[in-house]
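*Asks:*
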Amino acid sequence: MLTRESASWYQPSAWERSEGSPVSLGPTWVPAGEGYNFALFSRHATSVTLLIYGADDFVTPIYRHHLDPRRNKTHHVWHCWVPAAAIPGGRYYAYRVDGPRAPEEGHRFDSTKIVLDPYAPEVFFPPDYSREAAMRPGPNDGRAPLGVLPRREPRYDWEGDVRPHHTHDLIVYELHVRGFTARANSGVAPEERGTFIGLIRKIPYLLELGVTAVELLPVHQFDPQEGNYWGYMTLNFFAPHNGYAVHDPHREFRDMVKSMHAAGIEVWLDVVYNHTSEGDERGPAYCYRLIDNRVYYLLTPDRRQYINASGCGNTLRCADPAVRTLIVDSLTTWIQSMHVDGFRFDLASILARNEDGTINHEDPALIHEISMLAQRHGVRLIAEAWDISAYLLGRAFPGMTWRQWNGKFRDDVRAFVKGDPGKVGDLMCRLYGSDDLFPDTLADAYRPTQSVNFITSHDGFCLYDLVSYNRKHNLANGHENTDGADQNFSWNCGWEGDEHVPPEVLALRRRQARNLFTLLMLANGTPMFVAGDEFLNTQCGNNNPYNQDNEITWLDWDLLERNRDMFRFVKTLIAFRKAHPSIHRSRFWRDDVHWYGVNGPPDTSYNSHAVAYCLRGVSVGDCDLYVMINGYWKDLVFAIQEQSPGGWWRVIDTARPPPDDIREPGQEVQVCQPYYVVSARSVVVLRSRTTQEMLLTLSEPRM
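Below is the structure:
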């Protein structure tokens, strides 16, 4: 396929300089021909007209090209060639597309509307842009989004950029580009707040924290008038969202990636290839719906309405070859042109749906094509393996080598720490790597790294709210508190919210937050947490702030100073995990882990709230770890059931006040008794000395 990156060497034939070429969808600047090639897919269109606009007039095109199907169409691709000399001052472009006006057949063509090219490399919203105008019948000239013509400039200089690739030290940090630095107290210059450049300014902070991969909430261009702050209503899959740039979104995104890579940080994108911002039949018509509604969307049997497996009004027809091509082309662009290291696929089960909306559990073409693309380029794939009506978490998801967001880990660990009964066995399974979901058998041979373990994400309570609210407080979202999950496995520690909280409740909340983060970092698998949890950021109990572009969702950096003790705990714990490769392994712990109870074998009965284990590290050149977990509301005396007294050193005790809650390397406290009193609702971590450390101790001069 001819890509925009390779167009510099492309030599168009005489025919192509007359009629255009179908080989590369979208607009392509071809220096050898001093012209642009345009190509648009539409299986059912009967007429296509290309419109090119100048820099100032967004109503009247400076150039129109009505495509002749006898010259400018190859199979289902409409194409044409436009010499640069024919469009002096050309800056933007769009189409008019006509075809059957037959909603009963699934067609919604409307030649009165201006149509955005799905392959536009950048999207421009005129000053009079109106989403509402695209929702009403009639023309929307001057009020429709336009594509930006490809830039005629030298290729971006990546300066020898090398992709980092982490193994046992992989720590994933989910963040929102705008929300991360939007507040004045972020320390970022006003014009750079909420931008890709703002992220560059925060790289020293990420390095101090210990993050090795950032997972960015959607950065594909979305409709600024749609009201989805999170960005999960994508309009264009090729363009970086221009609201996250100071000037040039492409250059600034690349600068951000290059800077992250130089710091050893991977960049993952949360991508939304399951639906678009056009919504249901009442939504705006400005792109896919007007180009070929039946191709792009799953429709009900009567073809009048949209199948809504996404919960957002429509569902992309991901089994159709044209849609598969669009998605793979988009991913290829972000891999090759933007150097992205991984992709988290929102509602990824939709990628496995057949053309009738049913699930293909065996080998859906799109999943296979994405897997092959990732294998060729060495990028990571992560699935949110469910949608509104399908739950494919674990082996049910057909992307056999993909990582998956592990919602069971979130729910089980939350429930155990909250104090729910019957959760000890579930906690053991989650810490081990969730082999119930990713079986460690000869036939399956899944790996624990495929489980992306998380307690919190953008969707749901953040860490502080999880220990401060029993119920959601979403009135600000405008849905009378009906939106957002009702089952959060949260506990407010005896006091709802932050008004007049007793000191003992605040202390317990901090302990519970430390417990949750400790269990996340002790678990085999890939850990992920949401930005701000490390300093107890709050969203005031809102567990679905998808439309809150304000101080509810913008990180409050004053809390970093106020909660320095929590930040220290988190960064020290991250460093501890990274220093011990026995925790996060490419394979399950298997015989290296021995499970215990308070005094004897593990108790997984309904009323049990405690468990311990010893993780031996000699097979990976590490020391041993002994972990005691008390989810009960009373202190428990744990027998230390491995090694002789004095063979363990205390690293973590979440019940102790800072800075004794976690010890720096070399400052651990020796435990000389064969038992340890584990306080109510707390976690204790001991470590042994490695053989090398013991030899060094023996070699020290005696006084």
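Position one of the sequence shown corresponds to residue 0 (numbering that gives the first Met the number 0), numbered consecutively onward. Even for Gly, the Cβ is constructed at its ideal location relative to N, Cα and C.
Looking only at C-alpha atoms, which of ARG42, SER41, PHE37, HIS43 sits nearest to ILE51?
*Replies:* Measuring from the Cα of ILE51, the nearest candidate turns out to be PHE37.
*Asks:* Helix, strand or coil for VAL416? Go by DSSP, reduced to three states.
*Replies:* In the structure shown, VAL416 sits in a helix (DSSP, three-state: H, G or I).
*Asks:* Could you tell me which uninterrupted alpha helix (DSSP H) segments, each at least 4 residues in length, are contained entirely in the segment 121-167, listed from first to last along the chain?
*Replies:* Listed in chain order, the complete alpha helix (DSSP H) runs (minimum 4 residues) inside the segment 121-167 are 130-134.
*Asks:* Is TRP446 helix, strand or coil when you go by DSSP?
*Replies:* According to the sequence as given, residue 446 is Arg; it is not Trp. DSSP places ARG446 in coil when its eight states are reduced to three.
*Asks:* Measuring CB to CB, does PRO580 end up less than 9 Å from ASP621?
*Replies:* In contact: PRO580 and ASP621 (Cβ atoms closer than 9 Å).
*Asks:* I believe PRO657 touches ASP532 by the beta-carbon criterion, under 8 Å. Please report the beta-carbon distance rounded to the nearest angstrom.
*Replies:* Incorrect: roughly 17 Å between the Cβ atoms, too far for contact.
*Asks:* Cα separation between ASP355 and THR314?
*Replies:* One C-alpha to the other measures close to 11 Å.
*Asks:* The beta strand (DSSP E) that contains GLU207, what's its start and end?
*Replies:* First-last for GLU207: 202-208, but that is the alpha helix (DSSP H), not the beta strand (DSSP E).
*Asks:* Does DSSP put ARG379 in a helix, in a strand, or in coil?
*Replies:* Reduced to three states, the DSSP call for ARG379 is strand.
*Asks:* Rounding to the nearest angstrom, what Cα-Cα distance links ASP97 and CYS317 in this structure?
*Replies:* Between ASP97 and CYS317, the C-alpha separation is close to 24 Å.
*Asks:* Leaving out five residues before and five after ASN307 in sequence, what residues of the same chain have Cβ atoms less than 8 Å from its Cβ?
*Replies:* ASP279, ASN313, THR314, ILE387.
*Asks:* For ASN721, which of ASN536, VAL213, TYR595, THR571 has the nearest alpha-carbon?
*Replies:* Look at the range of the chain in this structure, 0 to 702, and you will see that residue 721 is not part of it.
*Asks:* Suppose you measure from the CA of PHE344 to the CA of ALA574; what does that come to, to the nearest Å?
*Replies:* Each residue's alpha carbon lies about 28 Å from the other.
*Asks:* According to DSSP, simplified to helix, strand and coil, what is ARG688?
*Replies:* Note: ARG688 maps to coil in three-state DSSP.
*Asks:* So is PRO270 buried or exposed if we call it buried at 16+ other beta carbons inside 10 Å?
*Replies:* The sequence shown places Val at residue 270, rather than the Pro named in the question. VAL270 is buried by the Cβ-count criterion.
*Asks:* How should VAL597 be labelled, buried or exposed, when 16 other C-beta atoms within 10 angstroms of its C-beta is the threshold for buried?
*Replies:* By the neighbour-count rule (16 or more Cβ atoms within 10 Å), VAL597 is buried.
*Asks:* Ignore the nearest five residues each way along the sequence and tell me which others in TRP647's own chain have a CB closer than 8 Å to its CB.
*Replies:* TYR625, ILE639, GLN669, VAL670, LEU685, ARG686, SER687, listed in sequence order.
*Asks:* For ARG701, does the three-state DSSP call read helix, strand or coil?
*Replies:* Interpretation of ARG701 is limited by its pLDDT of 44, a score under 50 that renders its predicted location unreliable; the figure taken from the coordinates is listed afterwards. In this structure, ARG701 counts as coil in the three-state DSSP scheme.
*Asks:* Apart from the five residues just before and just after TRP404, which ones in its own chain have a Cβ nearer than 6 Å to its Cβ?
*Replies:* Cβ within range, chain order: GLU383, VAL451.
*Asks:* For a quick check, are the C-beta atoms of HIS78 and SER20 less than 9 Å apart?
*Replies:* Their beta carbons are under 9 Å apart, which means HIS78 touches SER20 by this criterion.
*Asks:* If you reduce the DSSP assignment to three classes, tell me which class GLN666 lands in.
*Replies:* Note: GLN666 maps to coil in three-state DSSP.
*Asks:* Between which residues of its own chain and ALA654 is the CB-CB distance below 7 Å, once the five residues before and five after are set aside?
*Replies:* The answer, listed in chain order, is ARG510, SER678, SER681.
*Asks:* Going by CA-CA distance only, name the one from THR517, ILE202, LEU169 that's closest to VAL176.
*Replies:* When only C-alpha atoms are compared, the closest one is ILE202.
*Asks:* Using only CA atoms, which one of SER46, GLY137, ASP411 lies nearest to ARG69?
*Replies:* Comparing Cα positions, the closest option is SER46.
*Asks:* Just the C-alpha distance for TRP267 and LEU234, rounded to the nearest angstrom, thanks.
*Replies:* Computed Cα separation, rounded: 20 Å.
*Asks:* Using a 10 Å radius around the Cβ and a threshold of 16 neighbouring Cβ atoms, would you call LYS422 buried or exposed?
*Replies:* Its Cβ being crowded by 16 or more others within 10 Å, LYS422 is buried.
*Asks:* Does DSSP put THR180 in a helix, a strand or coil?
*Replies:* Three-state result, THR180: helix.
*Asks:* How would you label HIS583, buried or exposed, when you count the other beta carbons within 10 angstroms and need 16 or more for buried?
*Replies:* Buried is the call here.
*Asks:* As a quick exercise: from GLY630, MET399, PRO149, GLY616, pick the residue whose alpha carbon is nearest that of ASN606.
*Replies:* Considering only alpha carbons, the answer is GLY630.
*Asks:* Are there 16 or more other CB atoms within 10 angstroms of the CB of LEU441, so buried, or fewer, so exposed?
*Replies:* Counting Cβ neighbours within 10 Å, LEU441 comes out exposed, since fewer than 16 surround it.
*Asks:* At what residues does the alpha helix (DSSP H) containing GLN511 begin and finish?
*Replies:* From DSSP, the alpha helix (DSSP H) with GLN511 extends over 502-521.
*Asks:* What is the rounded straight-line gap between the Cα of TYR9 and the Cα of PRO138?
*Replies:* C-alpha separation (whole angstroms): 38 Å.
*Asks:* Going by the beta-carbon positions, is the gap between LEU289 and ILE326 smaller than 9 Å?
*Replies:* Against a cut-off of 9 Å, the Cβ pair of ILE326 and LEU289 comes out as no contact.
*Asks:* Is the beta carbon of HIS478 sitting closer than 9 Å to the one on TRP229?
*Replies:* Not a contact, by the Cβ cut-off of 9 Å.
*Asks:* Identify whether ASN734 lies in helix, strand or coil by the three-state DSSP scheme.
*Replies:* No information on residue 734 is available, as it lies outside the stretch 0 to 702 that the chain covers here.
*Asks:* Relative to the C-alpha of CYS286, which residue among GLU265, LEU145, CYS311 is closest?
*Replies:* When only C-alpha atoms are compared, the closest one is LEU145.
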